Amino acid sequence: MAQVILGDDEGIESALRRFKRKVVQAGIFSDMKKHRYFETPAEKLKRKAIAKHRQKRWSRNRSNRNNNRD
(Lines of atoms letter the chains of each structure in order from A and count residues from 1; the text may use other names and numbers.)
(Lines give C-alpha, C1' and ligand atoms only; values in the text may rest on other atoms or scores of the structure.)
Protein backbone atom coordinates (compact mmCIF):
# COMPACT_ATOMS: atom_id res chain seq x y z
CA MET A 1 0.00 0.00 0.00
CA ALA A 2 1.30 3.45 -0.90
CA GLN A 3 1.83 5.64 2.12
CA VAL A 4 2.93 9.27 2.46
CA ILE A 5 3.85 11.01 5.71
CA LEU A 6 3.08 14.71 5.75
CA GLY A 7 6.05 16.92 6.67
CA ASP A 8 5.91 19.81 9.15
CA ASP A 9 5.71 22.64 6.61
CA GLU A 10 4.43 20.56 3.71
CA GLY A 11 1.18 21.40 2.00
CA ILE A 12 -1.56 18.93 1.17
CA GLU A 13 -1.06 19.47 -2.56
CA SER A 14 2.58 18.37 -2.56
CA ALA A 15 1.78 15.36 -0.37
CA LEU A 16 -1.03 14.40 -2.75
CA ARG A 17 1.36 14.65 -5.72
CA ARG A 18 3.86 12.39 -3.93
CA PHE A 19 1.06 9.93 -3.11
CA LYS A 20 -0.14 9.81 -6.71
CA ARG A 21 3.42 9.21 -7.91
CA LYS A 22 3.86 6.33 -5.43
CA VAL A 23 0.55 4.78 -6.51
CA VAL A 24 1.63 4.86 -10.16
CA GLN A 25 5.08 3.45 -9.37
CA ALA A 26 3.59 0.64 -7.30
CA GLY A 27 1.27 -0.29 -10.18
CA ILE A 28 -1.84 -0.09 -8.02
CA PHE A 29 -3.88 1.89 -10.55
CA SER A 30 -3.13 -0.42 -13.48
CA ASP A 31 -3.87 -3.44 -11.28
CA MET A 32 -7.18 -1.88 -10.25
CA LYS A 33 -8.12 -1.30 -13.90
CA LYS A 34 -7.19 -4.88 -14.78
CA HIS A 35 -9.37 -6.33 -12.01
CA ARG A 36 -12.33 -4.02 -12.58
CA TYR A 37 -14.26 -6.74 -14.43
CA PHE A 38 -14.10 -10.51 -14.11
CA GLU A 39 -12.03 -12.13 -16.83
CA THR A 40 -12.60 -15.79 -17.64
CA PRO A 41 -9.56 -18.03 -18.06
CA ALA A 42 -10.23 -18.22 -21.81
CA GLU A 43 -10.30 -14.42 -22.08
CA LYS A 44 -7.08 -14.22 -20.08
CA LEU A 45 -5.34 -16.65 -22.45
CA LYS A 46 -6.61 -14.74 -25.48
CA ARG A 47 -5.42 -11.40 -24.08
CA LYS A 48 -1.99 -12.82 -23.29
CA ALA A 49 -1.68 -14.40 -26.75
CA ILE A 50 -2.54 -11.10 -28.41
CA ALA A 51 -0.01 -9.27 -26.23
CA LYS A 52 2.65 -11.86 -27.09
CA HIS A 53 1.89 -11.47 -30.80
CA ARG A 54 2.16 -7.68 -30.56
CA GLN A 55 5.47 -7.94 -28.69
CA LYS A 56 6.88 -10.32 -31.31
CA ARG A 57 5.79 -8.04 -34.14
CA TRP A 58 7.24 -5.00 -32.37
CA SER A 59 10.61 -6.66 -31.75
CA ARG A 60 10.72 -8.02 -35.32
CA ASN A 61 10.05 -4.54 -36.73
CA ARG A 62 12.62 -3.07 -34.37
CA SER A 63 15.31 -5.54 -35.47
CA ASN A 64 14.45 -4.95 -39.14
CA ARG A 65 14.88 -1.22 -38.63
CA ASN A 66 18.28 -1.78 -37.01
CA ASN A 67 19.39 -4.12 -39.81
CA ASN A 68 18.40 -1.63 -42.49
CA ARG A 69 20.61 1.05 -40.94
CA ASP A 70 23.76 -1.04 -41.41
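If you're matching positions, the sequence shown starts at 1 in this note's numbering and goes up one per residue. Where is the CB? At the ideal position from N, CA and C, for every residue including glycine. Predicted model only: the values in this text are computed from it and were never measured.
Inter-residue spacing [alpha-carbon to alpha-carbon] between residue i and residue j
| i | j | result |
| --- | --- | --- |
| G27 | R21 | 10 Å |
| H7 | A15 | For the sequence presented, residue 7 should be read as Gly rather than His. Those two C-alpha atoms are separated by around 8 Å. |
| S59 | S30 | 24 Å |
| N67 | K48 | 28 Å |
| P41 | R62 | 31 Å |
| V86 | I12 | Since the displayed the chain opens at 1 and closes at 70, residue 86 lies outside it and no answer follows. |
| Q55 | D9 | 47 Å |
| M32 | E39 | 13 Å |
| I50 | M1 | 31 Å |
| H53 | K34 | 20 Å |
| N64 | R57 | 10 Å |
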